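**Q** Supplied in structure tokens, the structure appears directly below.
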Amino acid sequence: MTLSSFLTNLVIPLNLCIVLLLIGTIVFIARRRKTGVVLAVIGLGWALFWSLPASTLWAGGRLEQLHPHSLPMKLPTAQAIVVLGGSTANSRMNWFEPYDSQLANSRVNTAGILYRAGRAPLIILSGAALDGSISEAQMMANTLEEQGVPKSALVLETRSYTTYENGLYTSELLRERNISTILLVTSALHMPRAVAVFRKQGVDVIAAPSPAQIVVPGDPQFSFWQPNLRVLSASRSIVKEYVALLVYWVRGWI
63 MTLSSFLTNL VIPLNLCIVL LLIGTIVFIA RRRKTGVVLA VIGLGWALFW
113 SLPASTLWAG GRLEQLHPHS LPMKLPTAQA IVVLGGSTAN SRMNWFEPYD
163 SQLANSRVNT AGILYRAGRA PLIILSGAAL DGSISEAQMM ANTLEEQGVP
213 KSALVLETRS YTTYENGLYT SELLRERNIS TILLVTSALH MPRAVAVFRK
263 QGVDVIAAPS PAQIVVPGDP QFSFWQPNLR VLSASRSIVK EYVALLVYWV
313 RGWI
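Structure, rendered in structure tokens:
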């Protein structure tokens with residue numbers, strides 16, 4: 063487990079809440095009652111904060127809007143489209159609504175739209191096999207071929223397990239092909255870290271994120287301040303980005 067993964071798992075709202083409640087209970091039983099209560103309150107407060115749509119819109123929306131989504135024809139052309147493996151909140155259209163596979167807004171779909179719009183002649187897909195079978199890069203390639211993208215326009219990078227490795231190994235492929243300018247495709251939430259990693263590798267990056275997911279839904283019954291279990295569960299993706307940005311900065315990867 064990487065340092066980034068360890069810290070992320072530690073501070074995931076529900077995990078940290080449970081840990082602090084357990085520690086608080088032990089401390090309370092050990093007759094440090096004031097300390098035990100404080101720890102328990104902090105744990106519950108952390109979980110409550112991340113269960114509120116208002117908190118998610120503030121913390122996650124801030125990252126998403128650093129590189130806003132643009133229509134394909136408003137983006138400049140590039141030498142290649144680079145797509146990073148992974149999924150944020152099941153690729154659903156809106157963070158606050160149930161997942162609907164028919165309405166999913168995936169990175170690979172965004173790449174296909176850019177290719178068909180003539181933004182670049184080549185698509186590089188980055189992602190290793192997470193379960194020991196088919197790589198994420200190959201799965202994305204299969205989807206793009208089903209959408210009509212020719213196999214000759216697809217290049218696979220199958221060694222990377224992290225965003226840092228996405229940048230490291232993909233930049234090697236780019237240099238081999240004398241490609242310096244790319245349209246980078248990933249989720250809007252993940253884009254700030256991804257752009258920073260690729261730029262650190264000397265790549266000229268044009269951000270082309272999938273549509274933002276952390277947006278106010280059209281439901282008139284939507285409440286900014288009502289705790290929501292779906293929001294609490296999905297908040298791990300936001301926490302992951304902030305922790306990873308810190309770790310990558312400390313390590314000099316961005």
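Residues in the sequence shown are numbered consecutively from 63, following our numbering.
All C-beta atoms, glycine included, are put in the ideal place defined by N, C-alpha and C.
Bear in mind the structure is a predicted one, so any value in this text is a computation, not a measurement.
Using the Cα positions of residue 286 and residue 278, report the straight-line distance between them to the nearest angstrom.
**A** Residue mapping note: residue 286 aligns to position 224 of the sequence shown, counting from 1. Residue mapping note: residue 278 aligns to position 216 of the sequence shown, counting from 1. Cα to Cα, residue 286 sits roughly 9 Å from residue 278.
**Q** Which class does residue 142 belong to by DSSP, given the choice of helix, strand or coil?
**A** Position 80 of the sequence shown, counted from the first residue, corresponds to residue 142. DSSP places residue 142 in strand when its eight states are reduced to three.
**Q** With DSSP collapsed to three states, give me the class of residue 278.
**A** Translated into the one-based positions of the sequence shown, residue 278 becomes position 216. Coil, per DSSP.
**Q** Quick check on residue 115: buried or exposed, where buried means 16 or more other Cβ atoms within 10 Å of its Cβ?
**A** Taking the sequence shown and counting its residues from 1, the one referred to as residue 115 is at position 53. Classification for residue 115: buried.
**Q** Over the uninterrupted alpha helix (DSSP H) stretch that includes residue 233, give me the two end residues.
**A** The residue you call residue 233 lines up with position 171 of the sequence shown. Note, residue 233: alpha helix (DSSP H), 225–238.
**Q** Mind checking residue 130: buried by the 16 CB within 10 Å criterion, or exposed?
**A** Reading the sequence shown from its first residue, position 68 is the one you call residue 130. So residue 130 ends up on the exposed side.
**Q** Name the residue from 217, 186, 177 and 223 whose alpha carbon lies nearest to the alpha carbon of residue 210.
**A** Locating residue 210 in the sequence shown gives position 148, where the first residue counts as 1. Taking only the C-alpha atoms, the option nearest residue 210 is 177.
**Q** Report back the beta-carbon spacing between residue 293 and residue 118 to the nearest angstrom; my notes put them in contact at under 8 Å.
**A** Residue numbering aside, residue 293 sits at position 231 when the sequence shown is read from its first letter. Residue numbering aside, residue 118 sits at position 56 when the sequence shown is read from its first letter. Contact flag correct, Cβ pair sits at about 5 Å.
**Q** Looking at C-alpha atoms only, which residue of 94, 180, 112 and 134 is the closest neighbour of residue 290?
**A** One-based indexing of the sequence shown puts residue 290 at position 228. Closest option to residue 290, Cα to Cα, is 112.
**Q** Could you tell me whether the segment 179–198 touches the segment 132–145, using the rule of 3 or more Cβ pairs below 8 Å?
**A** As far as the Cβ criterion goes, the segment 179–198 touches the segment 132–145, which means the pair count is three or higher.
**Q** Looking at C-alpha atoms only, which residue of 197, 206, 315 and 90 is the closest neighbour of residue 170?
**A** Looking up residue 170 in the sequence shown gives position 108. Considering only alpha carbons, the answer is 206.
**Q** Should residue 181 and residue 137 be called a contact, given that it needs their Cβ atoms to be closer than 8 Å?
**A** Within the sequence shown, the letter at position 119 stands for residue 181. Within the sequence shown, the letter at position 75 stands for residue 137. Going by C-beta atoms, residue 181 is nearer than 8 Å to residue 137.
**Q** Please report how far the alpha carbon of residue 190 lies from the alpha carbon of residue 79, in whole angstroms.
**A** Indexing the sequence shown from 1 puts residue 190 at position 128. Indexing the sequence shown from 1 puts residue 79 at position 17. About 32 Å.
**Q** Buried or exposed, going by whether 16 or more other CB atoms sit within 10 Å of the CB of residue 75?
**A** By 1-based counting over the sequence shown, the position of residue 75 is 13. Buried, because 16 or more other Cβ atoms sit within 10 Å of the Cβ of residue 75.
**Q** Would residue 228 be called buried (16 or more neighbouring beta carbons within 10 Å of its own) or exposed?
**A** Residue 228 sits at position 166 when you count from the first residue of the sequence shown. With 16 or more Cβ atoms within 10 Å of its Cβ, residue 228 is classed as buried.
**Q** For the candidate residues 301, 97, 174 and 262, whose alpha-carbon lies nearest to that of residue 314?
**A** As a working mapping, residue 314 is identified with position 252 in the sequence shown. Nearest C-alpha to residue 314: 262.
**Q** When you compare the CB positions of residue 251 and residue 260, do they come within less than 8 Å of one another, or not?
**A** As a first step, residue 251 is located in the sequence shown; it is residue number 189 there, counting from the start. As a first step, residue 260 is located in the sequence shown; it is residue number 198 there, counting from the start. No.
**Q** Could you tell me the boundaries of the beta strand (DSSP E) in which residue 243 lies?
**A** Counted from its first residue, the sequence shown places residue 243 at position 181. Here the beta strand (DSSP E) through residue 243 covers 243–247.
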